[in-house]
Every structure is written in C-alpha cells, then in structure tokens.
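Quick note on the UniProt record's numbering: the sequence shown kicks off at 1 and runs consecutively. These notes concern the structure reproduced below.
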Amino acid sequence: MSEPVLYIVATPIGNLADLSERAREVLASVDYIAAEDTRHSGRLLSHFNIKGQMISVHDHNERQRCEHVINLLGAGHSLALISDAGTPLISDPGFHLVRAVREAGFRVAPVPGCCAFVAALSASGLPSDRFQFIGFLPSKSGARAQALETLASNTETLVFYESTHRIVESLKAMQAAFGDARYAVVARELTKTFETIHGDTLSGLVEWIEADSNQQRGEFVVLVQGAETATADDAIDPEAERILRILAKELPPKKAAGVAAEITGEKKNRLYQLLIA
Numbered sequence: 001m002s003e004p005v006l007y008i009v010a011t012p013i014g015n016l017a018d019l020s021e022r023a024r025e026v027l028a029s030v031d032y033i034a035a036e037d038t039r040h041s042g043r044l045l046s047h048f049n050i051k052g053q054m055i056s057v058h059d060h061n062e063r064q065r066c067e068h069v070i071n072l073l074g075a076g077h078s079l080a081l082i083s084d085a086g087t088p089l090i091s092d093p094g095f096h097l098v099r100a101v102r103e104a105g106f107r108v109a110p111v112p113g114c115c116a117f118v119a120a121l122s123a124s125g126l127p128s129d130r131f132q133f134i135g136f137l138p139s140k141s142g143a144r145a146q147a148l149e150t151l152a153s154n155t156e157t158l159v160f161y162e163s164t165h166r167i168v169e170s171l172k173a174m175q176a177a178f179g180d181a182r183y184a185v186v187a188r189e190l191t192k193t194f195e196t197i198h199g200d201t202l203s204g205l206v207e208w209i210e211a212d213s214n215q216q217r218g219e220f221v222v223l224v225q226g227a228e229t230a231t232a233d234d235a236i237d238p239e240a241e242r243i244l245r246i247l248a249k250e251l252p253p254k255k256a257a258g259v260a261a262e263i264t265g266e267k268k269n270r271l272y273q274l275l276i277a
C-alpha cells in the first residue's frame, strides 16, 4: 500500500464464505483494523488467520477515536473499518469517522460485500426500483407508532431492521399503521442455518410469527410493500372526503377514518392514508 487509506470493509452477515478475496487481502495487509466489537470480530479474523492489530470504534467512542485514527493515517499507516456484520455505517457506527478522515484529506476506499437489507430486498419479490431504507424503528411504542404513521402513504418499498426482542411488537405496529392487508416480507437469519424469508399480509405475518416462537429469534429485515397510488377511478368520493375532514377536526386520524368508513362505505385504510398525507 503506497499511501495511507481508510478501507471500509464489508464482512459476512452469517456465512463466512461470503467474505470476498479482496476483503481478506485488505484485512491482512492493513496496519490496524478498527472494529465495532474487537472480541466478536477477533473470531472472524482468527478464522481467516488474519493477525492485524485491532482498535475499537463503536457508538460510544467513535468521535473520540477520530483524532487517533487520523494520527495513524498521518504517520503513514493504513486501516480497515469493519462492523460486527455486513457493511459498516449501515445502521452501524462509522459516519463520524469517515467524515473526519475525508475532511483531514485522507482517502477512504470501500471494499463492498454483504449488506443484510440489500440481500433481503433482492430475494423478497417486492419492487426494488424504488425503496426507502428506514433501519431500526424507535424502541418506545409511541414514537414507533408515530414514525410508522408518517410512512403509511409512501409508495416505495419500505425496509426496516428489527431485533428479536421487538419483532412481534413492530409487526403489530406496522399492521396498525399500514392496515391488515398490506403485503410484507420477513427475512430472518439471512445466510445462516435457519434462514427464513416469509411473505404475507401484515395480519398474516403477525399470526404466523406469534404461532411459532422459533421464528421470533435472530436478526430481522422487514420489507413492506408501498402504498398503492390512487388512480382517477379509485378517487375517494368528494362527500366522503368532506365527512372525513369534519370528523378529523374532533377525532384522531385513525378514529376519524374508522367513523367515516362506517358512514360512507369507503375503505378505512384509504381514508386514513388520505388524512396523514
């Protein structure tokens, strides 16, 4: 390596055979490897007999590590940044470090590879020409519901990460925000022994995952089909819209949509999406 470089190296999300030849060469050649969890990544490096010196860069120390990494680059050393799994910076630490290194005038070079949400999207059967990657939803139920409500009318495929501890609650929150009939796909433990990719309506997915505790374990990508774009033939009746807007002055959006649906015969989810849009 003729110049100091910070390499952003993607690592496997499960199957170790997915580590590219270039990634192995870079990790074996750099002077330092910055890892989110040095013990976790140490096992990966040991598997490939890579003995680079490791430093920790995680959510709690990333800003403090910037100066140290820049000093190492200034001394002529090259480094690789890796996360626990997949592509660094995708719902993982690294943004502040990469920006600081670039601003300091050093080269940052990506070494592409695995990314859980890209793998899930490619196998989901959902539209992939336009999508929005959300990552992890808020952990508190109120904030999670509010975040989902703002996404209910989006027409592109929505992509979420979720943990084993919140997958059931998050699917129920999506069902409440997007409606029972919205199609979605749960991708679990990708590239691992118990890989599962299961699609159904949100109501069907909630029923499926509650019925089998084994399907509640692991790391999840949840992909939700975008809202349908209304056509001229699908336009909501003006009188129904008038009633909806009157009710919305006194009632929360979900309640207003439900009452308006009972009065007018329009679908509740369409009325609700009209309100939040």
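All C-beta atoms, glycine included, are put in the ideal place defined by N, C-alpha and C. Nothing here was measured: the structure is a model prediction, and the numbers come from that model.
Boundaries of the beta strand (DSSP E) in which residue i is found, first to last residue
i: residue 136; result: 131-136
i: residue 215; result: Where residue 215 is concerned, there is no enclosing beta strand (DSSP E), given that its DSSP letter is neither H nor E.
i: residue 56; result: 53-56
i: residue 81; result: 79-82
Element boundaries [alpha helix (DSSP H), containing residue i]
i: residue 120; result: 116-124
i: residue 35; result: First-last for residue 35: 32-35, but that is the beta strand (DSSP E), not the alpha helix (DSSP H).
i: residue 238; result: 238-248
i: residue 29; result: 21-29
Nearest to residue i (by Cα), restricted to the options the options
i: residue 49; options: 276, 106, 24; result: 24
i: residue 57; options: 226, 32, 107; result: 32
i: residue 257; options: 90, 244, 14, 88; result: 244
i: residue 13; options: 179, 240, 115, 254; result: 115
i: residue 155; options: 229, 173, 98; result: 229
i: residue 178; options: 146, 131, 38; result: 146
i: residue 62; options: 99, 42, 27, 17; result: 99
i: residue 195; options: 119, 176, 110; result: 119
i: residue 131; options: 264, 29, 28, 226; result: 226
i: residue 266; options: 19, 44, 238; result: 238
i: residue 236; options: 111, 109, 270, 249; result: 270
i: residue 242; options: 106, 20, 95, 275; result: 275
i: residue 29; options: 47, 2, 44, 42; result: 2
i: residue 38; options: 251, 263, 85; result: 85
i: residue 254; options: 104, 4, 148, 102; result: 148
Beta bridge counterpart(s) of residue i as assigned by DSSP
i: residue 110; result: 8
i: residue 342; result: Because the chain here runs from 1 to 277, residue 342 falls outside it and cannot be looked at.
Simplified DSSP assignment, three categories, for residue i
i: residue 160; result: strand
i: residue 327; result: Here the chain comprises residues numbered 1 to 277, so residue 327 is not present and cannot be evaluated.
i: residue 221; result: strand
i: residue 232; result: At residue 232 the pLDDT is 49, less than 50, meaning the model places this residue with poor confidence; the figure from the coordinates comes in the next sentence. Residue 232 falls in the coil class under three-state DSSP.
i: residue 151; result: coil
i: residue 98; result: helix
i: residue 16; result: helix
i: residue 289; result: Beyond the ends of the chain as shown, which are 1 and 277, falls residue 289; an answer cannot be given.
i: residue 50; result: coil
i: residue 165; result: coil
i: residue 291; result: Residue 291 lies beyond the range of the chain shown here (1 to 277); nothing can be said about it.
i: residue 267; result: coil
i: residue 3; result: coil
i: residue 251; result: coil
i: residue 260; result: helix
i: residue 128; result: coil
i: residue 74; result: helix
i: residue 172; result: helix
i: residue 145; result: helix
Practice task
Could you say if the region 159-176 and the region 213-222 meet the contact criterion of at least three C-beta pairs nearer than 8 Å?
Solution key: Touching, yes, given that three or more Cβ pairs across the two stretches are closer than 8 Å.
Handout entry: Segment contact, 8 Å Cβ cut-off, at least three pairs: the region 77-96 with the region 8-26
Key = yes
Practice task
Report yes or no: do three or more beta-carbon pairs, one from the region 151-160 and one from the region 219-227, lie closer than 8 Å?
Solution key: yes
Exercise for the section: Report yes or no: do three or more beta-carbon pairs, one from the region 180-196 and one from the region 118-134, lie closer than 8 Å? Expected result: yes
Problem - Stretch-stretch touch, CB-based, cutoff 8 Å, three pairs: the region 26-40 with the region 55-74 - result: yes
Problem - Any 3 or more C-beta pairs closer than 8 Å across the region 179-188 and the region 200-209 - result: yes
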